[in-house]
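Trainee: Please read through the structure below; I'll follow up with questions.
Okay, structure coming up:
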């Protein structure tokens, strides 16, 4: 039995999986999408930026929830889905992932 090599993308990084013939690789369901919560901000807000280290477009508070779309080093490109600062809901941008707790 020769394994079949498959590549999947996770936050822009390709992972190679070996799958033996006859085995099935399940696609994660929508509920498997990680949700991250802004945490650890002592003063001010977490900047939601146009680019990593770029100009800020908005601020996120502790408790704002985001869905990561892409990762680049310590930066996540995210979509804001909820939280105490609801004016930013729906916006996309880059945040420092050190201030996110993802589950």
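In my numbering, the protein residues as written are 977 to 1079. Beta carbons: idealized from backbone N, C-alpha and C, even for Gly.
1. Please identify the residue among 1053, 1055 and 1072 whose C-alpha is closest to the C-alpha of residue 1021.
2. CB-CB under 8 Å to residue 1010, same chain, minus the five flanking residues each way: which ones, in chain order?
3. By how many angstroms is the C-alpha of residue 1054 removed from the C-alpha of residue 1040?
4. Could you tell me the alpha carbon to alpha carbon distance between residue 1033 and residue 1061, rounded to whole angstroms?
5. Could you tell me whether the Cβ atoms of residue 1017 and residue 1037 are closer together than 8 Å?
Mentor: So, to answer that:
1. As a first step, residue 1021 is located in the chain shown; it is residue number 45 there, counting from the start. The candidate whose alpha carbon is nearest that of residue 1021 is 1072.
2. Your numbering for residue 1010 matches position 34 in the chain shown. Excluding residues within five positions, the ones whose Cβ falls inside 8 Å are 1043, 1044, 1078 and 1079.
3. Counting from one through the chain shown, the residue named residue 1040 turns up at place 64. Counting from one through the chain shown, the residue named residue 1054 turns up at place 78. Straight-line Cα distance between these residues: approximately 12 Å.
4. By one-based count along the chain shown, residue 1033 stands at place 57. By one-based count along the chain shown, residue 1061 stands at place 85. Their backbone Cα atoms lie some 14 Å apart in a straight line.
5. Position 41 of the chain shown holds residue 1017. Position 61 of the chain shown holds residue 1037. Cβ distance < 8 Å, so residue 1017 and residue 1037 count as in contact.
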